[in-house]
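Engineer: The number in my numbering is simply the position in the sequence shown, starting from 1, with 213 added.
Note that CB positions come from ideal geometry on N, CA and C, so glycine has one too.
On a predicted model such as this, the values are computed, not experimentally measured, just so you know.
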Amino acid sequence: QVQLVESGGGLVQAGGSLRLSCAASGRMFNVYAMAWFRQAPGNEREFVAQITRDGTTNQADSVKGRFTISRDDAWNTVYLQMNSLNTEDTAVYYCAAKTYGTSWYDTWGQGTQVTVSS
214 QVQLVESGGG LVQAGGSLRL SCAASGRMFN VYAMAWFRQA PGNEREFVAQ ITRDGTTNQA
274 DSVKGRFTIS RDDAWNTVYL QMNSLNTEDT AVYYCAAKTY GTSWYDTWGQ GTQVTVSS
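1) I'd like to confirm the pairing. Which residues does DSSP put opposite residue 311 in its beta bridges?
2) DSSP three-state label for residue 303, please.
3) With a 10 Å radius around its C-beta and 16 neighbouring C-beta atoms as the bar for buried, classify residue 255 as buried or exposed.
4) Kindly indicate the opening and closing residues of the beta strand (DSSP E) around residue 223.
5) Within 10 angstroms of the Cβ of residue 224, are there 16 or more other Cβ atoms? Answer buried if so, exposed if not.
6) Between which two residues does the beta strand (DSSP E) carrying residue 295 extend?
7) Between residue 249 and residue 293, which are expected to be in contact by the criterion C-beta below 8 Å, what is the C-beta distance as a whole number of angstroms?
8) Taking C-alpha atoms, which residue in 272, 215, 220 and 236 lies nearest to residue 260?
9) So, for residue 230: in the same chain, excluding its five sequence neighbours on each side, which residues have a beta-carbon less than 8 Å away from its beta-carbon?
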């Protein structure tokens, strides 16, 4: 099993920056990709960014040029650097892991709240 713990959320003014961290532990050799999702009140959970074991990344169009996903070499921590935040970025941000042989993310963290004030 894999365990994920997010941190780094908080309150920030529009235009500001935050960096989220996702600490991963457990059977990480089984993990193919890790990602960030977010869910705003009244909305469905949406994809934000993904990074694969070989370092390939992709982001949602809504965050391209503003958010950057990265990881440490040991595949223990995944980061989401968020710049130029706006109020529409307010949401609970979740870290997720996809293991080999699965078609979707099968492990989730508990989430961290990001609130952007105007």
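Structural biologist: From the atom records:
1) For this step, residue 311 is matched to residue 98 along the sequence shown. Paired residue(s): 246.
2) Locating residue 303 in the sequence shown gives position 90, where the first residue counts as 1. Coil at residue 303, not helix or strand.
3) Taking the sequence shown and counting its residues from 1, the one referred to as residue 255 is at position 42. Its Cβ having fewer than 16 others within 10 Å, residue 255 is exposed.
4) Sequence index remark: in the sequence shown, residue 223 carries index 10 (1-based). Here the beta strand (DSSP E) through residue 223 covers 223–226.
5) Taking the sequence shown and counting its residues from 1, one reaches residue 224 at position 11. By the 10 Å Cβ count, residue 224 comes out exposed.
6) Numbered from 1 along the sequence shown, position 82 holds the residue referred to as residue 295. Where residue 295 is concerned, the enclosing beta strand (DSSP E) stretches over 290–295.
7) Your numbering for residue 249 matches position 36 in the sequence shown. Your numbering for residue 293 matches position 80 in the sequence shown. Sure, about 5 Å apart at Cβ, within 8 Å.
8) One-based indexing of the sequence shown puts residue 260 at position 47. Of 272, 215, 220 and 236, the residue nearest in Cα terms is 272.
9) For the purposes of this step, residue 230 is taken as the residue at position 17 of the sequence shown. Hits under 8 Å: 294, 295, 296, 297 and 298.
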